[in-house]
Amino acid sequence: MGELAAGKTAVDAALFEGKEPVLQANNADTSKEDIGLTDTSNKPRSNLMSNVELSGFSATSSAGTITGTLGTRANKDITGAKIMQNRAADGVWSCTINGSGATGWKDKFIPTGCTAQ
């Protein structure tokens, strides 16, 4: 969950500046703002994530989701679980976890403040 926290702050900052949050570190479009979760080849900067995605955010929508998939450097029981940081249009963030992709998933792995999907 902490792996995506910086992304939440960067999304809020981009939206405050009237820009669309994106994951493209080499994006030259000044109407878009890289949130810093991926490198120039769009691979996650965190070695615990195998994939990071943004959905829903646009120039006209401040609601959206940052989704991180836990990779092979995470504990084997949680590898493949997805963490979703969901932003409502009013700026309130919530967290959901989908553990169905993890072979050893147990609900006790859900971090405080998150809910199961």
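Numbering (this note's numbering), first residue to last: 1 to 117.
Every residue gets a Cβ at the ideal spot worked out from N, C-alpha and C, and that includes glycine.
Inter-residue spacing [alpha-carbon to alpha-carbon] between residue i and residue j
i           : j           : result
residue 106 : residue 113 : 16 angstroms
residue 90  : residue 76  : 36 angstroms
residue 33  : residue 102 : 32 angstroms
residue 31  : residue 63  : 17 angstroms
residue 51  : residue 42  : 9 angstroms
residue 109 : residue 29  : 39 angstroms
Local Cβ density within 10 Å of residue i, reported as buried at 16 or more and exposed below that
i          : result
residue 5  : exposed
residue 38 : buried
Residue of the options minimising C-alpha distance to residue i
i          : options         : result
residue 55 : 80, 8, 3        : 8
residue 81 : 87, 40, 111, 16 : 111
residue 58 : 117, 115, 15    : 15
residue 11 : 40, 96, 88      : 88
Beta-carbon proximity of residue i to residue j, cut-off 8 angstroms
i           : j          : result
residue 49  : residue 23 : no
residue 131 : residue 40 : As displayed, the chain neither begins before 1 nor continues past 117, which places residue 131 out of reach and without an answer.
residue 84  : residue 65 : yes
- Task: Entirely within the region 56–85 and at least 3 residues each: give me those beta strand (DSSP E) ranges in chain order.
- Result: 64–70
- Item | Completely contained alpha helix (DSSP H) runs for the region 12–46, where each covers 4 or more residues | none
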